[in-house]
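Below is one structure; the comments refer to it alone.
Chains as they are written, first to last, in my numbering: chain A, 12 to 334; chain B, 12 to 334; chain C, 12 to 334; chain D, 12 to 334.
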C-alpha cells in the first residue's frame, strides 16, 4: 500500500481539519495509507508521525485549529533541516507528502520538492495572500469572526457616541481589514498597501461626525504603517476635536480560532481530495487552490514568494459606500 | 436629478439589505435619487414607494431579511400588471429600476425590460439556482445557518446513537442540501436532481452502522422525490433494522432569516454598486452577478428560465468522504 | 482507592459534559477513581464502563451532548433491571453512583437508592420541570438556541408579512415555550398548562394585525392540546382572514444539541463538584440542584414524580408586553 | 395621563433595550405615557427627551446596546446638576423616573430621590457588582460573549502549544474573569480581589506544562494588580522557561456589544415591568433587581456604594477542576 504523510504548518487556519479529513479519506479510496505529522515541519524532522484512519478524522471537520498541531519552523529553510525531513519519510517508506499552509510553508514544500520529494501543497492561510488564488482555506471564517466582533463594537460605539480604532490581523497585507471593513460598513479602512497618515484618519472621522453619524468604526490592519496605538496616540494629541470619544480594540488571535463555516469546510474538502488525486496520478510539486471558481494546481516553484495584491477598486468602493 | 427605484422580490435572502444600501449610496455618488419600493412588485403596482437617503440605509447591512418587504407576485406576469408597474414609475418620473431577487423575480424584470423599462437585476436567492452565476446573494448564509443546525443535530444524534433525516430548503434544486451535506460530513445526501429510492437510503444507513459509526445524518432537499416524511415512512416499514433509531427534523424558514455573513454582505455590496454603474453608463436590461469570481452582467432575456445544474462531481466527493 | 461511577440518562442536555468533567476532577481531588458508564442505565446493566482520568475529560466542557452516550431505559424500572445494575457495580467494587439526568432518570436513581446503593442525582434536563429547583443543567442553552431560531424566523416573517406558528420542545410542560416566547417578544404563547383553543389563537393574531404590526410569532409547546399542526389546520379553515399569511416551523432536536453557554457550564460544574462532596461526606440518596441561587441537596425519594408548575405571572407578563 | 421618563446610564449592557421596552409597554398597560431620555443624565439635564410609544420599542429587544444612548455623567454628582435634571422633568410634567444602570448610575438615582424625585432604579451592568442582587442585566451575555472568544483562543492555543493571557473586563471586580475562567476551564484566574504575583502565575503555567497539557489559558481581570501587560513582561523576563510560548489577548469592548441572550432579555423584561408596578403603586426610591431568584426592591439609599464581594469558593472550585 502506498504511503502518504500530511502536515499543517504556519499559523493555524479554520478548515485545516477538514483538509486533513479529506486527505485521509480520499487517500483510502485511492489506496493510500496516510500518516499525520504532528507539529508541522518541526515534527517531520523529529519523526513525530502517527497513522491516521477513517475514524481518526471523524468529528473534526467542524472544529477550528488543527488536530495535528502546527509550528513556524525556521530550520526547514536549511539544507540540513530538509535532509532530516526527507530522511524521516524515507525511513518509514512514505513516498508522498501533503503540506497544508500559507506562503512560507509552501516555500518549504517547494524546497523539499526541489530535493526530489513528491509533495503537493494546499493553500491555507487566514491572510489570503497567495498570488494566483481566489481565496485560501481559513480566510473566510477569519473574516466572519472578525466581522462578528466589529458588529458588536458598533453596537457599543453607537450607544456611547464613540469612534473605535479596530485592529485586525494582517502583518503584511490588508485582506482581512479590507473585507471586514466593507462588510461592516466601516467609516475608514487602513491597510499596509496604502500609506495612510493619522491626519487623513482624523479628517475622515471628523467628516463622519459632520455628516451626522452617531459613531464611527475605523478598521486597521496590524501591519499598517500607523497601527492602532500610533493612530490613537496621534489623534489624542490633535488640537481639533474628533467629535467622538476615541477607543481602540485589538481583536487578536480570536480571529484564528473560529469554527470553520461552510465555505472553508467545502474548500478544504475539495482541495484535500484534489491533492490526493494529483498524487495518485503522478502530478507532484504543485500547489493546489481555487482560481476563478475552479480547483487548479500550479507548480510550487512558481508560487514561492509572490504576494497577492489587494483589489484596489474594493478600497474605492468601501469609501463610496461609507457615506 | 435622475431617479431610481429599488425593490426586493420573491423569497427573502440574507444580504438583500446590503444590496439596498449599496444601491442607495452608490446612487448618491453618481447623482441618483433612490426610491425604495415596498413589498416587491405588488407594492410597485400599487405605488408604494418611499424616498431613501443615506441615513435610511445605515445600520441595515448586518440584518437579515429585507427592510423593503417582499412578495411573490403573480400579477406582474400579466400585461396588465406590467403596465400598472410601469405607470407608477412614469408618474413619479423614475427612469430606472433595480430588482433584487431570484429567477422568478428576474423573469418579471425581463418582462418590464421588454416593455422598454430601464431595469437591472441583482441575483439574490438562497437557492443559488440561476444559471451562469457562481453564487447568489443569500445562498452562503443560508447554507451556513443550516450547517450550524446540522452540527447541533449531530451532537444529539451521537449522544443517542440515532440517524437523523434532515430536510433543508430547495424545492427545485439540491444546492443547499449538497453543500450542507458535504460541509457537515453527512452520511448521505438526497437531492431532486438525482432520483434516490428509500431502499438506497436504507442501505446507506445500514452500511454506516456496519462501518461502526455511532450515528448518521442524511440531508434531504425538500424537493426530493422522496422527502423526509416519505423516507421516514418507508424506512419505518422496513423489516431489516437500520441499526440506529430514526428521527427527522425539518429546518424550515430558520434557514432564511440569518444575519448575513461576510460573503453575502460583500457580494451584495459589489453587485449593488455594479448595478448603479451599469444604469449610470446606460447599460440596462441586464442581470448582474458573479461568475468565475468577477462581477458580470448578462442580458436579462437570456437568463430567464434557465436553471443552474448541480455540480455532479461534488455528489461523488460527498460519497467518497463519508467513509 | 474509592470507586465512583457516573452516567448520563434520558434526553441529552447541553452541560452534561461539564458535569462529567467536574465529577471526574473533583473526584480525583477527593481520592475517588471514576468510571464512566456508557449509554445510561442500559450500559450500566450491561457492564459497559470505562475508567475516566483527568485528561479524558479535557476539552469536553464546551461541547453539547454527552460523551458517555445516553438512553431512555425502560428496563431499569423493573426489579430485575435494578438488580442487574447493582450487580455490575458490585462486581467492579464501585461503591458510588452519580446519575445526571431529568425526572425519569432520577426516579431510577431513587429506585437504586431504595435498594441500598449509594447514589447522588444531578438535575439535568432541557425541560426544567423538576419541582424544587430553579433551573436544571441544559435548560438555559436550549432556550437560547430556540430563541436564536425564533429571532431568525421573525426576520423572514417581517419581510413577508407572515405569522409563524413555532413549535418548541416540551411534551409535558411549557417552560421552553414560555421563556422563548417572552424573550422573543412572541405575540402569543401556547403551553400545555393552559388550555388554549384555536379560536383564541386566531383572535390574538387578528388583534396583532389590527394593532398594525407587520408580522406575528406564536410560540407553541409540542405538548399543547392543539399543537402547531392542529392549530394550522383550524386556522386554515377559518372564514375570517388572519391578516397575515400563515407558516409553521418545528424547531425540533436542534434545540438539544447546542454548545452549552456559560450558565449551563457553570451550573454543571458546581453541581458535579457538589455531588462528589456529598458522596465523600457520606450523604447519599440525594438529588443535587440549585434553589434560590444556592446549591442544595434534597432526598431523591421526595423529588420523584413531582412536576414543577409554570410561573403563571410570567404568562400574564408575556401578554402585557406583546402590545 | 401620568408621565414617566426612562434613561440608561453608565456602560451599556446587553438587555438594556429589553428593559426600555418593558417599561414602555408595562407603562401603557398601567396608564403611563413614557418619555425616553437620550444620552443618560447628560441628556436629562439638557432636556433631550422623546415620547416612546409601543411601536417605538418593537424590534429592539434582540439588539445589544441602548437605543437611548448612554453617558458616564460627572455633573449629576453636583447639586447644580441634580437641580437641572429635576427642572427638566418638572417642566414637562413628568412625575416619575426610571434609571437603568449600574452602581454609579444608581448613586445618581439615589441623589435625585433624596431631592424628592420619584425614581426607581433597575440594576444593569455587565460587572454584576451591585451588592444584594444575584445578577444584573447584561452580565450573563457579557460572560457568554467573552467565553465564546476564550473558546476560540483555546483552539489556536492548542494548535500551537501556547499559553494565552486573556484580559477580560472588570476594572474593580473579578466577576467576569471568575465566571469566564470556570466556564472555559481556564488553567488559572487572576482577579482584583485576590492579590496574585507573576511568580504564582508562572508557577501555575509550569505546573500545567508538567501535567502534560498541550496549552494553557490564564484569564485576567483588567483591574488585577498585575494586568496582562505586567504579567507578560514579568513572565518574559523569567529565566526558567514556561514550557509554552506566551501570547496575550485583550478582549476589550467586544464583550459589551453582544446581542442579549435569553437570560438578560427575561431579567430585563421582568425588572422593567416590576419598576412600573412599583411606581404605579407608589413605592419609589427603590432599586429593583433579582435576589435568590425573586424580583425584589430595596431602598436606593442602602445600596449606594456597596460592592458585591466575589464568591470565594468559586475560585477554589476553579482551581480544583483545572487539573
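Glycine included, C-beta positions come from ideal geometry on N, C-alpha and C.
Proximity below 9 Å, CB of residue i to CB of residue j
i                     : j                     : result
residue 81 (chain C)  : residue 171 (chain B) : yes
residue 188 (chain C) : residue 235 (chain C) : yes
residue 162 (chain A) : residue 150 (chain A) : no
residue 44 (chain A)  : residue 18 (chain A)  : no
residue 64 (chain D)  : residue 105 (chain D) : no
residue 277 (chain D) : residue 297 (chain D) : no
residue 71 (chain C)  : residue 319 (chain C) : no
residue 321 (chain C) : residue 205 (chain C) : yes
Cβ separation of residue i and residue j, assumed to be a contact under 8 Å, to the nearest whole Å
i                     : j                     : result
residue 315 (chain A) : residue 121 (chain A) : 5 Å
residue 55 (chain A)  : residue 99 (chain A)  : 6 Å
residue 124 (chain D) : residue 21 (chain D)  : Not quite, the Cβ-Cβ distance comes to about 17 Å (not below 8 Å), so this is no contact.
residue 37 (chain B)  : residue 135 (chain B) : Their Cβ separation, rounded to whole angstroms, is 16 Å, which puts residue 37 (chain B) and residue 135 (chain B) out of contact at 8 Å.
residue 304 (chain D) : residue 303 (chain C) : 5 Å
residue 68 (chain B)  : residue 286 (chain B) : Contact flag wrong, Cβ pair sits at about 15 Å.
residue 158 (chain B) : residue 273 (chain A) : 5 Å
Own chain partners of residue i with C-beta closer than 7 Å, once the 5 adjacent residues on each side are dropped
i                     : result
residue 389 (chain A) : Residue coverage of chain A in this structure runs from 12 to 334, which leaves residue 389 (chain A) outside it and unanswerable.
residue 182 (chain A) : 233, 234
residue 190 (chain C) : 154
residue 293 (chain D) : none
residue 219 (chain B) : 198, 227
residue 261 (chain C) : 178, 239
residue 131 (chain A) : 109, 286, 289, 290, 295, 297, 299
Candidates the options: closest to residue i by CA position
i                     : options                    : result
residue 62 (chain C)  : C:35, C:73, C:161, C:77    : C:35
residue 148 (chain C) : C:311, C:28, C:289         : C:28
residue 256 (chain D) : D:167, D:71, D:70, D:133   : D:167
residue 107 (chain B) : B:116, B:128, B:265        : B:128
residue 207 (chain D) : D:137, D:245, D:145, D:293 : D:245
residue 87 (chain A)  : A:42, A:309, A:248, A:53   : A:53
residue 126 (chain A) : A:330, A:308, A:295, A:325 : A:295
residue 203 (chain D) : D:184, D:190, D:209, D:210 : D:184
residue 41 (chain D)  : D:333, D:283, D:309, D:301 : D:283
residue 118 (chain A) : A:138, A:104, A:93         : A:93
residue 133 (chain B) : B:320, B:299, B:73         : B:299
residue 375 (chain B) : B:111, B:18, B:16          : Outside the displayed span of chain B (12 to 334) sits residue 375 (chain B), for which this structure offers no information.
residue 103 (chain A) : A:261, A:209, A:57, A:164  : A:57
residue 77 (chain D)  : A:165, A:247, A:51, A:253  : A:165
residue 252 (chain C) : C:210, C:331, C:101        : C:210
Close beta carbons around residue i, own chain, < 6 Å, minus the five adjacent residues each side
i                     : result
residue 239 (chain D) : 176, 178, 231, 259
residue 49 (chain C)  : 59, 79, 80
residue 11 (chain A)  : With chain A covering 12 to 334 only, the question about residue 11 (chain A) has no answer from this structure.
residue 291 (chain C) : 41
residue 84 (chain C)  : 51, 52, 53
Residues near residue i by beta carbon distance below 8 Å, same chain, minus five either side
i                     : result
residue 229 (chain D) : 174, 175, 176, 177, 197, 198, 199, 200, 201, 212, 215, 216, 242
residue 288 (chain D) : 37, 41
residue 153 (chain D) : 24, 25, 137, 180, 187, 266, 267, 269
residue 145 (chain B) : 300, 301, 302, 303, 304
residue 222 (chain C) : 334
residue 281 (chain D) : 33, 301, 306
Would you list, in sequence order, the uninterrupted beta strand (DSSP E) runs of no fewer than 3 residues that lie entirely inside the segment 124-197 of chain D? 129-134, 173-179
Which parts of the segment 194-264 of chain D are runs of the alpha helix (DSSP H), unbroken and 4 residues or longer, counting only runs that do not cross its ends? 209-221, 239-248
List in chain order: all unbroken beta strand (DSSP E) runs of 3+ residues lying wholly within the segment 18-104 of chain A. 43-48, 60-63
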